[in-house]
Amino acid sequence: MNIEIFEIYHDGLKEKPLPMRGRGVAVLMPVTDLAMALQTARRMMDFAGMACRIIIAHDAVRQGFIKTANMMAAALGAEFVAYVAQDALAGKDWLRLAHERITSAKAGLCGFNDGKFAGKLATFGLVRCSFAEAFYGQGRIFHEAYRTHRADEELTWLAHLAGQYCYAPEALLMEVDFRMQRPINPDDTKLYLARKPLFPALARSVKEAQPALQPSK
Numbered sequence: 016m017n018i019e020i021f022e023i024y025h026d027g028l029k030e031k032p033l034p035m036r037g038r039g040v041a042v043l044m045p046v047t048d049l050a051m052a053l054q055t056a057r058r059m060m061d062f063a064g065m066a067c068r069i070i071i072a073h074d075a076v077r078q079g080f081i082k083t084a085n086m087m088a089a090a091l092g093a094e095f096v097a098y099v100a101q102d103a104l105a106g107k108d109w110l111r112l113a114h115e116r117i118t119s120a121k122a123g124l125c126g127f128n129d130g131k132f133a134g135k136l137a138t139f140g141l142v143r144c145s146f147a148e149a150f151y152g153q154g155r156i157f158h159e160a161y162r163t164h165r166a167d168e169e170l171t172w173l174a175h176l177a178g179q180y181c182y183a184p185e186a187l188l189m190e191v192d193f194r195m196q197r198p199i200n201p202d203d204t205k206l207y208l209a210r211k212p213l214f215p216a217l218a219r220s221v222k223e224a225q226p227a228l229q230p231s232k
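Using this note's numbering, the first residue of the sequence shown is number 16, and each one after it goes up by one.
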C-alpha cells in the first residue's frame, strides 16, 4: 500500500498515475489542504485492512471535488474507488469491511458509516466503477455538472433505485467537521432538484442493462 500525490493544474494533470486496468481498489481524496490530507491518508492506510492505493489529488486551482474525483478515477481505471475527503477519520479495517460487503452483495455502491446519516446517504462511499460509468460515461463516478455537493446524494439514490446499494455499518469513516450545518453550493442543489425526477428512469435502464450485477437471493 502506498500514498501517491498528484497536483491539479489549470490544464489538467502534469503526471498521471499508473493505470489499474479494471482491477484493485483506489482511494481518491481530492484536497485543498495538503498537510491535513497527508495526516488523514496515513491513518487510512494504516487502518485499511487490505491492499489499496491512496491517491491524493491536490486541487490547487480549486476546480472542485467532483471534477477532480472524476479526473483521477478516469486516469486510474480501478475496479473499485472509495471517494473520501481530507477531513475523514478512518476506523479499523474501514476499507476491508466495505469491500467485503460490496463484493458479497454484488452491489454498485457501499456506504461507509459516517456517524451522521446511518447509511441513508453515502457521503463517503466505495463505488464499483462499472456501475457509476453506466450512468455517467467512461471514467466518471459522479455526474460531471456538479461542483462540490449533491453528487454523492444523486449516486446514492440511483444505487437505491437500481437495487445496487449496500451499507457497511462496521466500516467507520467519519467527517471531522464540528459545524452543525455547512453551506451547500446553490447551483449544485438546483441541478440536483432538476435531475431528481429522472432518477427512476435512469436507474431502471441501468438495472435492465446490467443483470449480472443484481444481488444474489
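Ideal Cβ positions, reconstructed from N, Cα and C, are used throughout, including at glycine.
Taking every protein chain shown into account, the CB of His-25 has fewer than 16 other CB atoms within 10 angstroms, so this residue is exposed. Judged by DSSP in its simplified three-state form, Cys-67 adopts coil rather than helix or strand. Contact between the segment 113–126 and the segment 70–87 is absent: fewer than three C-beta pairs spanning the two stretches fall below 8 angstroms.
When DSSP states are grouped into helix, strand and coil, Met-35 belongs to the coil group. With a contact defined as Cβ atoms closer than 8 angstroms, Met-86 and Leu-136 miss out at about 24 angstroms. Residue range 140–143 is occupied by the beta strand (DSSP E) that includes Arg-143.
For Tyr-207, the three-state secondary structure derived from DSSP is helix. Under the 10 Å beta carbon count, Val-42 is surrounded by 16 or more other beta carbons and is classified as buried.
Per DSSP, Pro-184 is one residue of the beta strand (DSSP E) stretching across 180–190. CA-to-CA, the gap between Ala-50 and Glu-19 works out to about 14 angstroms. Scanning the segment 139–175 from its first residue to its last, the whole beta strand (DSSP E) runs of 3-plus residues come out as 140–143.
The beta strand (DSSP E) runs lying completely inside the segment 45–129 and spanning 3 residues or more are 68–73, 95–98, 103–105 and 124–128, given in chain order. Counting the other CB atoms within 10 Å of its CB gives Ala-224 a total below 16, which places it among the exposed residues. Segment contact: the segment 167–176 against the segment 89–97, fewer than three CB-CB distances shorter than 8 angstroms; contact not assigned.
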